[in-house]
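One gets the working numbering by counting positions in the sequence shown from 1 and adding 8 to each.
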Amino acid sequence: MAKKNETTDGISLWERLDRPASTPRASLTPRRIAAVAIGIADREGFGAVTMRRIATELGVAPMAAYRHVAGKDELWALMVDEVSAELEPPDATEGWRETLRTHAHRTRDGMLRHPWLTQLPVPLLALTPARMAAVERQLASLDGLGLDADTMMAAFRAVASYVQGAVQSEVALAQYMKEQGWESGDDTRRALAPQMTYLLGTGRYPTYLRYVQGAARKDDAGWQFETGLECVLDGVAGLIGRAGA
């Protein structure tokens with residue numbers, strides 16, 4: 009995939025998209041290219057997305073697509089921006105906690121719909137208009153609560169990092185189970201039973217053994233996500249409380 013397109017003239021992708029189109033009715037646009045790429049990634053995984061494949065689905069020559077999207081970094085950024093627009097809350101939320109919670113759950117939902125998001129380079133996730141708008145909403149909910157600028161950003165990033173890590177693990181487990189032909193948590197535990205039985209039988213992990221024997225929500229990913237999220241939000245609440253003390 010080409011890394012540079014001379015037609016970009018060194019101008020940011022987003023600045024180019026903000027400019028008035030010279031041919032308003034053009035059938036090939038960066039947004040249309042991104043939509044096709046997202047469809048391929050959703051159906052077949054991120055590895056199936058190439059400019060040649062996109063061009064084939066659009067019925068154009070690969071170089072025609074390169075005139076609109078300079079290379080893989082711009083394509084990834086466009087894909088992220090398109091799906092990030094789905095994170096816009098349907099209704100206004102009140103208060104920092106509800107704002108962060110709503111965004112966290114909508115991010116999880118989006119990543120589960122588009123598992124390929126867990127495979128993208130993390131820096132790309134911040135530098136698109138839709139992603140920046142989402143960050144702005146969350147930072148604005150924390151603004152004016154007594155946190156300095158650095159602490160406010162650290163609090164936001166703590167929540168965002170939790171969401172990213174938790175959902176990456178959830179997606180990775182689901183993909184591994186599918187590859188192994190395991191259809192449920194019980195299938196997974198049966199397959200791993202020999203290793204788990206030996207390790208727990210050594211007596212070295214008594215607390216983990218208590219979890220294995222007593223946990224009732226091992227397969228409830230939604231509950232696990234929400235509970236972990238509340239732990240992080242409680243931490244943010246503690247920061248805000250101390251700032252206002």
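Think of the CB as a built atom: it goes at the ideal place given N, C-alpha and C, for glycine as much as any other residue. Treat the numbers as computed from the prediction; the structure is a model and nothing was measured.
Next item on the list: Keeping to the same chain, check which residues put their C-beta closer than 6 Å to that of Phe54; ignore five residues upstream and five downstream.
Entry: Trp124, Gln127
Item checked: CA-to-CA distance, Asp195 to Glu90, given in whole angstroms -> 36 Å
Notebook entry, point to check: For Pro129, which of helix, strand or coil comes out of DSSP?
Noted result: coil
Notebook entry, point to check: Could you give the C-beta distance for Ser169 and Arg139, rounded to a whole number, given that I count them as a contact under 8 Å?
Noted result: Their Cβ separation, rounded to whole angstroms, is 15 Å, which puts Ser169 and Arg139 out of contact at 8 Å.
Next item on the list: Could you give the DSSP three-state label for Leu36: helix, strand or coil?
Entry: coil
Item checked: Backbone CA spacing between Thr15 and Gln172 [nearest angstrom] -> Bear in mind that the predicted position of Thr15 carries a pLDDT of just 44, short of 50, making it unreliable; the figure below should be weighed with that in mind. If I take the Cα positions, the gap works out to 35 Å.
Checklist line | Cα-Cα separation, Asp242 to Ala224 | finding: 24 Å
Notebook entry, point to check: Quick one: is Trp231 buried, meaning 16 or more other Cβ sit within 10 Å of its Cβ, or exposed?
Noted result: exposed
Next item on the list: Please say whether Leu208 and Leu217 have beta carbons closer to each other than 9 Å?
Entry: yes
Item checked: Sequence-distant residues of the same chain with beta carbon closer than 7 Å to Arg33, five excluded per side -> Because Arg33 carries a pLDDT of 48, less than 50, the predicted location of this residue cannot be relied on, and the following value inherits that uncertainty. Closer than 7 Å at Cβ, skipping near neighbours: no residue.
Item checked: Closest by C-alpha distance to Leu135, when choosing among Asp158, Leu86, His111 -> Leu86
Next item on the list: Could you please give the first and the last residue of the uninterrupted alpha helix (DSSP H) stretch that includes Pro70?
Entry: 70–74
Check: Ala69 and His111: beta carbons closer than 9 Å?
Finding: no
Notebook entry, point to check: Between the C-alpha atoms of Gly262 and Arg51, what's the straight-line distance to the nearest angstrom?
Noted result: Here the chain has residues from 9 to 253 only, and residue 262 is not among them.
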